[in-house]
Amino acid sequence: MRLKADIRACRICADRFAATRTGHAPRPVVWFRPSARILIVGQAPGARVHESGKPFTDPSGDRLRDWMGVSEDVFYDRDRVAILPMAFCFPGYDAKGGDLPPPPICAKTWRAQVIAALSEVELTLLVGGYAQKWHLGTSAGVRETVRGWRDHAPRVFPLPHPSWRNTAWLRKNPWFEAEVLPDLRRRIGEVLS
Ligand code: SF4
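This is the structure we're talking about:
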């Protein structure tokens, strides 16, 4: 597929990444096929995914698969599940050691073309604030958007980011695991059946 080859060859952010603490080069992590029926929209690859070249090969991925109730085999089956971050490359670290935001130029350059290629998608998971702002055009915070999940289901489910940094958020918001996850798993079962 030409589009995927073009994205893999993209070096637009080379100077931006070279100026970060890690001084790394772009390595776009591209993971989709046009037949996918579930679309996972993440933030941007972290350092571990930058190394592996495969999305969600980290504790966030373990938690996300648990939320979804799917095995690694299903999660990484590109014919069924597309994984499309808001930027395809690891953006580097900020001064506090957190990941920098996804460079907006990536979505501006590639997003519309990729979404147009994914015409079979029946369920979209919006993981974290960047994905929710872009896809829903909302300025609301993650808690408010996820709390209003019934406004978007069954085609779209806004989710918090599954990072360990959000473990306290999950403890403070037990309704998420009690109410959202059972419905999400039911919907995933329908779409994959
Ligand atoms: S983040 Fe996106 S725009 Fe920037 S180099 Fe990677 S693929 Fe290109």
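For the sequence shown, counting from 1, position 86 maps to 86 in the UniProt record's numbering; every step adds exactly one.
C-beta: ideal position from N, C-alpha, C; glycine also.
Using only alpha-carbon positions, find the residue among the options that is nearest to residue i.
| i | options | result |
| --- | --- | --- |
| residue 235 | Ala153, Ile7, Val146, Phe32 | Residue 235 is absent from the model: the chain starts at 1 and stops at 193. |
| leucine 136 | Ser119, Glu122, Pro158 | Pro158 |
| serine 119 | Arg2, Ala36, Ala47 | Ala36 |
| methionine 86 | Pro59, Arg11, Pro28 | Pro28 |
| serine 60 | Val74, Asp73, Gln43 | Gln43 |
| glycine 189 | Gly69, Phe56, Thr57 | Gly69 |
| proline 162 | Phe56, Gly23, Arg2 | Phe56 |
Suppose you measure from the CA of residue i to the CA of residue j; what does that come to, to the nearest Å?
| i | j | result |
| --- | --- | --- |
| lysine 133 | glutamine 113 | 19 Å |
| tryptophan 110 | isoleucine 7 | 8 Å |
| valine 153 | arginine 21 | According to the sequence as given, residue 153 is alanine; it is not valine. Using only the alpha carbons, I get a separation of about 40 Å. |
| alanine 47 | threonine 167 | 20 Å |
| residue 195 | valine 180 | Look at the range of the chain in this structure, 1 to 193, and you will see that residue 195 is not part of it. |
| alanine 9 | proline 174 | 42 Å |
| serine 193 | alanine 5 | 31 Å |
| arginine 187 | glycine 92 | 35 Å |
| aspartate 151 | leucine 170 | 21 Å |
| proline 101 | aspartate 58 | 18 Å |
| valine 191 | lysine 172 | 30 Å |
| leucine 84 | leucine 3 | 13 Å |
| alanine 178 | alanine 116 | 34 Å |
| methionine 1 | serine 139 | 35 Å |
Tell me which same chain residues have a C-beta within less than 6 Å of the C-beta of residue i, skipping the five on either side of it?
| i | result |
| --- | --- |
| aspartate 124 | According to the sequence displayed, residue 124 carries threonine and not aspartate. Answer for threonine 124: Leu39, Val156, listed in chain order. |
| valine 142 | Gly129, Pro160 |
| leucine 126 | Val41, Gln132, His135, Pro158 |
| leucine 184 | Phe157 |
Here's a check: name, in chain order, each residue in its chain whose Cβ is nearer than 8 Å to the Cβ of residue i, leaving out the five neighbours to either side.
| i | result |
| --- | --- |
| alanine 82 | Trp31, Phe32, Arg33, Ala36, Ile38, Leu39, Ile40, Leu118, Val121 |
| glycine 23 | Phe17 |
| valine 74 | Arg80, Val81, Leu192 |
Under 7 Å Cβ to Cβ from residue i, same chain only, skipping five residues before and after it: list those, please.
| i | result |
| --- | --- |
| arginine 26 | It should be noted that the sequence gives proline, not arginine, for residue 26. Once the five neighbours on either side are set aside, the close Cβ partners of proline 26 are Cys10, Arg11, Cys13, Ala14, Phe17, Cys89. |
| tryptophan 149 | Phe157, Pro158, Val180 |
| serine 71 | none |
Meets three-Cβ-pair contact criterion under 8 Å: the stretch 52-59 and the stretch 91-102:
no
Assess, as a yes-or-no matter, whether the stretch 105-122 is touched by the stretch 61-75 under the definition of 3 or more beta carbon pairs within less than 8 Å.
no
The stretch 12-27 / the stretch 70-81 touching (three or more Cβ pairs under 8 Å)
no
Specify which residues have a beta carbon nearer than 6 Å to any heavy atom of the ligand SF4, listing them in chain order.
Ile7, Cys10, Arg11, Ile12, Cys13, Pro26, Pro28, Ala87, Phe88, Cys89, Pro103, Ile105, Cys106, Thr109
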